[in-house]
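So the sequence lines, in the order shown, correspond to chains D and C. Under my numbering, think of the first position of the first sequence as 2, with each following residue one higher. Under my numbering, think of the first position of the second sequence as 578, with each following residue one higher. All residues carry an ideal CB built from backbone N, CA and C; glycine is no exception. Each remark here refers to the structure printed beneath this line.
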Amino acid sequence: DAKTTQPNSMESNEEEPVHLPCNHSTISGTDYIHWYRQLPSQGPEYVIHGLTSNVNNRMASLAIAEDRKSSTLILHRATLRDAAVYYCILRDRRTASKLTFGTGTRLQVTL
Amino acid sequence: EAGVAQSPRYKIIEKRQSVAFWCNPISGHATLYWYQQILGQGPKLLIQFQNNGVVDDSQLPKDRFSAERLKGVDSTLKIQPAKLEDSAVYLCASSLESGRSYEQYFGPGTRLTVT
Numbered sequence: 002d003a004k005t006t007q008p009n010s011m012e013s014n015e016e017e018p019v020h021l022p023c024n025h026s027t028i029s030g031t032d033y034i035h036w037y038r039q040l041p042s043q044g045p046e047y048v049i050h051g052l053t054s055n056v057n058n059r060m061a062s063l064a065i066a067e068d069r070k071s072s073t074l075i076l077h078r079a080t081l082r083d084a085a086v087y088y089c090i091l092r093d094r095r096t097a098s099k100l101t102f103g104t105g106t107r108l109q110v111t112l
Numbered sequence: 578e579a580g581v582a583q584s585p586r587y588k589i590i591e592k593r594q595s596v597a598f599w600c601n602p603i604s605g606h607a608t609l610y611w612y613q614q615i616l617g618q619g620p621k622l623l624i625q626f627q628n629n630g631v632v633d634d635s636q637l638p639k640d641r642f643s644a645e646r647l648k649g650v651d652s653t654l655k656i657q658p659a660k661l662e663d664s665a666v667y668l669c670a671s672s673l674e675s676g677r678s679y680e681q682y683f684g685p686g687t688r689l690t691v692t
């Protein structure tokens, strides 16, 4: 599985935008970029995914670099409920299914 | 829509004892996964079922771990005998089908402590 690199932790103030980076320099043409997050004492939850184009949904936006070697998850207005570990995962669309989690980025949100 | 259900939520056992975890996936979800999450790490896939067949169990320690999904719905994960290093959260997840569905839905997990 192609590897992703994320910062161990980040901090943000409430109601400010947050940009969570992910490097995936060995990404292949068949890899989707997925983001999941895990709130304290809960299982992970799906946030967003994309292949080449930027994507938006009700939770977040995903900005994908033109060469696809990096991506950024954007939370437009962080709230205290967004404090979680965010995982960037590459998932081969040919085999799909399997999620290989790294250690993710722990996001702290303060007042 | 009801989410993925798991029980028990917490379990404490002594090493060499056996333990079983139960998972009820979201109704209609053909694919079921068991993950192990050790403190400070991301979840690691143990086994994946498509209906009642095993798709991937390459990271399941088969000398002590077993899992079944009879009738393609509920699933049970068993550890026998448990070791100290099995202390972790065991997460169950489900998805509509392997390949087409992008989202995996996770349960709250079972926290296992082996003393």
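Chain D places a beta carbon closer than 7 Å to that of Glu680 of chain C, counting this residue as a contact.
Under the DSSP assignment, Met11 of chain D falls in the beta strand (DSSP E) whose first and last residues are 10 to 14. Looking at the DSSP output, Ala64 of chain D shares a beta bridge with D:Thr73.
Secondary structure within the segment 595 to 670 of chain C: the beta strand (DSSP E) runs of 3 or more consecutive residues, fully enclosed, are 596 to 601, 608 to 614, 621 to 627, 630 to 633, 642 to 645, 652 to 656 (chain order). Val48 of chain D: member of the beta strand (DSSP E) spanning 46 to 51, first to last residue. Just so you know, the alpha carbons of Gly105 of chain D and Ile65 of chain D end up roughly 18 Å apart. If you check the CB distance, Leu81 of chain D and Val110 of chain D come in under 7 Å.
Residue-level contact check: Lys99 of chain D touches chain C, since one or more beta carbons of chain C fall below 7 Å from its beta carbon. At a cut-off of 7 Å between beta-carbon atoms, Pro45 of chain D makes contact with chain C. Chain C has a Cβ within less than 7 Å of the Cβ of Gly103 of chain D.
Secondary structure at Leu81 of chain D: helix, using DSSP grouped into helix, strand and coil.
In this structure, the alpha-carbon of Ile589 of chain C lies about 12 Å from that of Val666 of chain C. Annotation for Arg38 of chain D: the continuous beta strand (DSSP E) segment containing it runs 32 to 39.
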